[in-house]
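Q:
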Amino acid sequence: MIRIRWVLELTRLILEIIGADMSTCTRRVKVVLYEKGVDFVIKPIDWATGEHKSEAHLSKQPFGQIPVLEDDGFILFESRAIGRYIAAKYADQGTKLLPNPEDLRAVALLEQAACIEQSDFEPNVGGIAMEKVFNPFKGIATDEARFKKHVETFGTKLDGYERILSKQKYLAGDELTVVDLWHLPHGEIAEKYAPEVFEAHPKFNAWWQSLKNRSSWIKANEKGNLL
Amino acid sequence: MVLTIIGHPVSTCTRRVKTALYEKGVEFNLQVIDWPGGEHRTEAHLQKQPFGQVPVLIEEDGFILYESRAISRYIAAKYANQGTKLLPDPSDLKAVALFEQAASVELADFDPPASGLAYEKIIKPRTGLTTDEKRVQTLNETLKSKLDGYERILSKHKYLAGEELTLVDLFHLPYAATTELLAPELYESHPKVHAWYKELKERPSWKKANEGL
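These protein sequence lines are chains A and B, in that order.
Every position in the first sequence, counted from 1, becomes a number in the numbering used here once 7 is added.
Every position in the second sequence, counted from 1, becomes a number in the numbering used here once 5 is added.
1. Could you tell me which residues DSSP pairs with B:Tyr164 in its beta bridges?
2. In the DSSP assignment, the alpha helix (DSSP H) including B:Gln36 goes from what residue to what residue?
3. I want to see whether chain A comes within less than 8 Å of B:Gly167, judged by CB atoms only; does it?
4. Put A:Tyr97 into one of helix, strand or coil per three-state DSSP.
5. By the criterion of Cβ-Cβ separation under 7 Å, what are the contact partners of B:Gly154 in chain A?
6. Shortest alpha-carbon distance to B:Thr136 belongs to which of B:Thr147, B:Glu146, B:Ala123?
7. Start and end of the alpha helix (DSSP H) containing B:Asp116?
8. Counting only runs that start and end within the segment 57–103 of chain A, where is the alpha helix (DSSP H) found for 4 or more residues in a row?
9. With DSSP as the reference, label A:Ile225 as helix, strand or coil.
10. So, under 8 Å CB-CB, B:Ser210 and B:Thr24 are touching, yes? Tell me the CB distance rounded to an integer number of Å.
11. Pull up the distance between the alpha-carbon of A:Leu104 and that of A:Gln119, whole angstroms please.
12. Could you check which residue in B:Gln87, B:Ala214, B:Lys151 has the C-alpha nearest to that of B:Ser194?
13. Are the segment 178–191 of chain B and the segment 211–223 of chain A touching by the rule of at least three beta carbon pairs closer than 8 Å?
14. Considering only residues of the same chain and omitting the five flanking positions on each side of B:Lys212, which have a CB-CB separation below 6 Å?
15. Flag A:Ala213 as yes if its beta-carbon sits less than 8 Å from any beta-carbon of chain B, otherwise no.
16. Helix, strand or coil, according to DSSP, for B:Leu98 in the structure here?
17. Check whether chain B comes within 8 Å of A:Phe128, counting only Cβ atoms and requiring the distance to be less than that.
18. Just verifying my parser: in three-state terms, what is the DSSP assignment at A:Phe47?
19. Any Cβ of chain A within less than 8 Å of the Cβ of B:Gln142?
20. In this structure, does DSSP put B:Gly12 in helix, strand or coil?
21. Check B:Ile69 in the structure and name its three-state DSSP category.
22. Any C-beta of chain B sitting closer than 8 Å to the C-beta of A:Tyr41?
23. For B:Lys29 versus B:Tyr84, is the C-beta spacing smaller than 8 Å?
24. Any beta-carbon of chain A closer than 8 Å to the one on B:Ala100?
25. Which residue wins for smallest C-alpha separation from B:Lys99, given the options A:Gly101, A:Pro106, A:Gly231, A:Ala95?
26. Restricting to Cα atoms, I'd like to know which of A:Thr56, A:His59, A:Pro69, A:Val48 is closest to A:Asp78.
27. Judging by CA-CA distance, which residue of A:Tyr97, A:Arg153, A:Ile25 is the nearest neighbour of A:Tyr41?
28. CA-CA distance, A:Ile73 and B:Glu125?
29. Measure from the C-beta of A:Lys37 to each C-beta in chain B and report whether the shortest distance is under 8 Å.
30. Taking 8 Å as the CB-CB cut-off, is A:Tyr200 touching chain B?
31. Rank A:Gly26, A:Leu111, A:Leu233 by C-alpha distance to the C-alpha of A:Phe144 and give the top, closest one.
32. What residues of chain B sit near A:Gln4, judged by a beta carbon separation below 8 Å?
33. Starting from B:Leu62, trace the alpha helix (DSSP H) both ways and give me its first and last residue.
34. For chain A, is any of its Cβ atoms less than 8 Å away from the one on B:Ser109?
35. Output, in chain order, the set of chain A residues within a Cβ distance shorter than 8 Å of B:Leu112.
36. Taking Cβ-Cβ distances below 8 Å as the criterion, which residues of the segment 99–117 of chain A are in contact with chain B?
Printed below as a string of structure tokens:
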């Protein structure tokens, strides 16, 4: 009886991520979990049978997406929100990934960086990924004109990144934060299809290479990525 | 201690910040940027905002912050003890997580199709470019499917992060307003979303942010 209870206790301590090992957004969560040294299991979703559109899944994730975190009954979706929660809950272990919450200006600069990532970086690298990976996977042909437009806009946004990373080591300041890590999943796809844009922005590229080489990211890609 | 916002009265992102400032009762000076004159592309502006955008916050001691949502969050945290409560208690990790979930949904699911529609149907005609009707159709379909998700959320609780209003609800206002103009049928087919939006748009802070427009 004691052993059974111990096993039950142990399984409740292990976070569950409903997701897919190769999915970009699941890997955005995995990289944070590895940085913080937090145990987890991936509960795969059956995409082929449309499990993501089932009522059971929609009641957890109303947009029919992955990943979803289940932490002892607490349900959370959006890979960046999950990453922030992990980084805050396990603040005292692993890599420091968030500023001190009492330092309002450091927090503000993190939020500034988070907005830049989601508004300026993600739409363009996400667009490149859509044209070159996700659409072809769904049998939709690449729209070369749209791809070119994404690459062009991406280049303009990286001019902004170059300015920032000429003044400081990471996007929110001189310390690594979750926001830097968020660039990885779609960024590596963009690097494959538009390497010239990376090379044309040396400070950005140096920051990018250092992130890519972190053991947490290498481990997050161990079960495959979309390259 | 009056803070400065570099921006423009018609700018959606400037109005997003103004709404937060009015909710918190914080005084500010709006320094109007010369957009037609290309001031946003000058070296002087790029030093403050490396993407050539507005708004930008400048505090009296010279602290500079950009991105409307980051500025609004900073105001809401710095002035937590005055005006409307707009953020969860920072020590409540689950409430903070649900706030961040809603904040990510706004940026990833709502803003792209809603602002995309505004770009095609409002900005493009104004700047002499042709609306891409095929793209409008795609954006409409995407926004409709995202609002299905919003309808589920708002059937469970009153606001996006739970039972209390937060900054994230207010972040939606600028493009929720353009959606009302451009695709009102989307509100008719999503009654919970419609009720949530109708209540938000009556807030005095939003009306004041739009004064004169």
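Glycine included, every Cβ here is placed at the ideal spot set by N, Cα and C.
A: The structure says:
1. Partner residues in the beta bridge of B:Tyr164, as assigned by DSSP, are B:Gly167.
2. No alpha helix (DSSP H) holds B:Gln36; the beta strand (DSSP E) holding it covers 33–37.
3. Not a single C-beta of chain A is nearer than 8 Å to the C-beta of B:Gly167.
4. Coil.
5. Under the 7 Å cutoff, chain A gives Pro69, Phe70.
6. Shortest Cα-Cα distance from B:Thr136 to any of B:Thr147, B:Glu146, B:Ala123 involves B:Ala123.
7. Looking at the DSSP string, the run of the alpha helix (DSSP H) that includes B:Asp116 is 116–123.
8. DSSP runs (the alpha helix (DSSP H)) wholly in the segment 57–103 of chain A: 62–65, 86–96.
9. Look at A:Ile225 here: in three-state DSSP terms it is helix.
10. Contact between B:Ser210 and B:Thr24 is confirmed by a C-beta separation of about 5 Å, below the 8 Å threshold.
11. A:Leu104 and A:Gln119 have their C-alpha atoms spaced approximately 15 Å apart.
12. The residue from B:Gln87, B:Ala214, B:Lys151 with its alpha-carbon nearest to that of B:Ser194 is B:Lys151.
13. Counting Cβ pairs under 8 Å, fewer than three are found: no touch.
14. No residues qualify anywhere along the chain.
15. Output row for A:Ala213: interface = no.
16. Per DSSP, reduced to three states, the secondary structure at B:Leu98 is helical.
17. By this cut-off, A:Phe128 is not an interface position.
18. Assigned with DSSP and collapsed to three states, A:Phe47 falls in strand.
19. With 8 Å as the cut-off, B:Gln142 does not count as an interface residue toward chain A.
20. Per DSSP, reduced to three states, the secondary structure at B:Gly12 is strand.
21. The answer is strand: DSSP assigns B:Ile69 an E or B state.
22. Not one chain B Cβ lies under 8 Å of A:Tyr41.
23. Cβ distance < 8 Å, so B:Lys29 and B:Tyr84 count as in contact.
24. False, the Cβ-Cβ gap to chain A never drops below 8 Å.
25. Ranked by how close their Cα comes to the Cα of B:Lys99, the residues A:Gly101, A:Pro106, A:Gly231, A:Ala95 have A:Ala95 in first place.
26. Distances from the alpha-carbon of A:Asp78 to those of A:Thr56, A:His59, A:Pro69, A:Val48 put A:Val48 closest.
27. Here the closest residue by C-alpha is A:Tyr97.
28. Taking the CA atoms as reference points, A:Ile73 sits about 30 Å from B:Glu125.
29. No, because no Cβ of chain B sits closer than 8 Å to the Cβ of A:Lys37.
30. So no, A:Tyr200 is outside the interface.
31. Ranking the options by Cα distance to A:Phe144, first place goes to A:Leu233.
32. Because chain A spans 8 through 234 in this model, residue 4 of chain A falls outside it and cannot be assessed.
33. Element bounds for B:Leu62: not the alpha helix (DSSP H) but the beta strand (DSSP E), 61–63.
34. B:Ser109 counts as touching chain A.
35. Here the neighbours are Cys122, Gln125, Ser126.
36. Contact residues of the segment 99–117 of chain A toward chain B are Pro108, Leu111, Arg112, Val114, Ala115, Leu116 (C-beta to C-beta distance below 8 Å).
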